[in-house]
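In what follows, a structure is listed as structure tokens, so that the remarks can point back to it.
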Amino acid sequence: MNHHTFTALADPHRFQIVELLRERPHSVGEIADRLGLRQPQTSKHLRVLTDAGLVHMEPQANRRIAHLNPTPFRDLDDWLTRYRPLWEERLDRLDDYLRTLPPEDPAPDPTEPGGTP
1 MNHHTFTALA DPHRFQIVEL LRERPHSVGE IADRLGLRQP QTSKHLRVLT DAGLVHMEPQ
61 ANRRIAHLNP TPFRDLDDWL TRYRPLWEER LDRLDDYLRT LPPEDPAPDP TEPGGTP
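Using the UniProt record's numbering, the first residue of the sequence shown is number 1, and each one after it goes up by one.
As structure tokens, then:
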């Protein structure tokens, strides 16, 4: 697992770019327009994503098309898979604990007589 993946995805704009590229490849201009960013700002974010190996750029005439690279996402999924049993066990224990709690009294309905306005 590469820590550059987390660093790249930690920025909200870069995360939005990745989400946008899930749909299909986009040009730098399309990404900038869709996310309301300036083109130089978009290019900087794409550079970080490219350096982290999440995106690769394809020159096409006078445009650059951004594509997602699936390998780092598979690596991330493999890494997270190791933690799933831990969280499933913890959530199962939480579920068991919540079942031991007495049910809560429902809040009074203010529209019924005797309810709090």
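From the three backbone atoms N, C-alpha and C, an ideal C-beta is built for every residue, glycine too.
Taking C-alpha positions only, P70 is separated from P102 by approximately 47 Å. Each of T100, L35 and P25 was checked against the Cα of P59, and the nearest Cα belongs to P25. The C-alpha of A32 is placed about 6 Å away from the C-alpha of R38. E112 and L98 have their C-alpha atoms roughly 30 Å apart. Assignment of beta-bridge partners to P59 by DSSP yields R64. Spanning the alpha carbons of L94 and E19 requires a straight line of approximately 32 Å. If you draw a straight line from the Cα of R63 to the Cα of V28, it is about 7 Å long. Between the beta-carbon of L54 and that of T5 there is about 7 Å, and that keeps the pair under the 8 Å contact cut. Bridge pairing for S27: I65 [DSSP].
For T100, the uninterrupted alpha helix (DSSP H) segment begins and ends at R84 to T100. Residue state for L37 is assigned as coil, using DSSP reduced to three classes. An exposed status is given to A61, since fewer than 16 other beta-carbon atoms sit within 10 Å of its beta-carbon.
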